[in-house]
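Written out below as structure tokens is the structure these notes cover.
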Amino acid sequence: MPIAVDAMGGDFAPQSAVEGAVRAAAEDGASILLVGDRSRIEAELRRHGDHAGRIEIVHAEEVVGMDEPAITPIRKKRRSSIRLCAELVKDGRAQALVTAGNTGAAMISAKMVIGTVAGVDRPALAAVLPNQKGRTVLLDVGANVDVKPMHLREFAVMGHFYAQEVIGTP
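Quick note: the sequence shown uses this note's numbering, first residue 7, plus one each step.
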């Protein structure tokens, strides 16, 4: 199943996202949905040659800027690339969402559009850190600044599950 990539997120969009998508398709056989301004994405794809049909473009009319409020894709820019990425995951057309864009907008889009599992009030950002015995999962790395004890417990449960199921830590 494809990965939805917010091609318009980040300081070097869409160049960096397109280059990364082309490399992931060529080197790893990944299937990618590049979400953003079709004409700008197509221009970048032409610079990178053949991508073996593993990249599809999903046009998005709007972009959430880094300086805009996190709630923007929910209230004002419903056709933004970050929100469309979340909708692709919700609808089962993508298995994951990747963005270098507005972190708050990504978190709110994920929570409001995709939703969370039962018992989880807030999503968390995770970082996987190498250590001498393998890897450590660190949650939350900056998205939530006003957490309560129940949120810390949720982060611990999510981190434990991620460590076991995704990276194979016993």
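Positions of the beta carbon are idealized from the N, C-alpha and C atoms, including for glycine.
{"Check": "Through-space distance from His157 to Ala13, alpha-carbon basis", "Outcome": "31 angstroms"}
{"Check": "Counted within 10 angstroms of its Cβ, other Cβ atoms place Ile173 as buried (16 or more) or exposed", "Outcome": "exposed"}
{"Check": "Residues near Ala30 by beta carbon distance below 7 angstroms, same chain, minus five either side", "Outcome": "Ala36, Ile38"}
{"Check": "Contact check, Ala66 vs Asp43, beta carbons under 8 angstroms", "Outcome": "yes"}
{"Check": "Option nearest Ala32 by Cα separation, candidates Gly107, Thr142, His57, Ser87", "Outcome": "His57"}
{"Check": "Boundaries of the beta strand (DSSP E) in which Glu62 is found, first to last residue", "Outcome": "61 to 65"}
{"Check": "Three-state class that DSSP yields for Asp34 in the structure shown", "Outcome": "helix"}
{"Check": "Given 8 angstroms, three or more beta-carbon pairs between the stretch 78 to 87 and the stretch 109 to 122", "Outcome": "yes"}
{"Check": "Three CB pairs or more closer than 8 angstroms across the stretch 131 to 142 and the stretch 44 to 54", "Outcome": "no"}
{"Check": "Unbroken alpha helix (DSSP H) run spanning Leu131, endpoints", "Outcome": "Leu131 -> no alpha helix (DSSP H), and no H or E assigned at all."}
{"Check": "Whole-angstrom C-beta distance between Val143 and Arg169, which should lie under 8 angstroms", "Outcome": "Residue 169 is actually Ala in this sequence, not Arg. Confirmed, about 5 angstroms."}
{"Check": "Whole beta strand (DSSP E) elements within the stretch 44 to 111, 3-residue minimum", "Outcome": "61 to 65, 102 to 104"}
{"Check": "When Gly16, Pro155, Met164 are compared against Val70, the one with the closest alpha-carbon", "Outcome": "Gly16"}
{"Check": "For Val119 and Ala160, believed in contact at Cβ under 8 angstroms, the rounded distance", "Outcome": "It should be noted that the sequence gives Glu, not Ala, for residue 160. Actually they do not touch by this definition, with Cβ atoms about 19 angstroms apart."}
{"Check": "CA-to-CA distance, Ala124 to Phe18, given in whole angstroms", "Outcome": "36 angstroms"}
{"Check": "Residue burial classification, Met7 (beta-carbon count within 10 angstroms, cutoff 16)", "Outcome": "exposed"}
{"Check": "CA-to-CA distance, Leu103 to Phe167, given in whole angstroms", "Outcome": "19 angstroms"}
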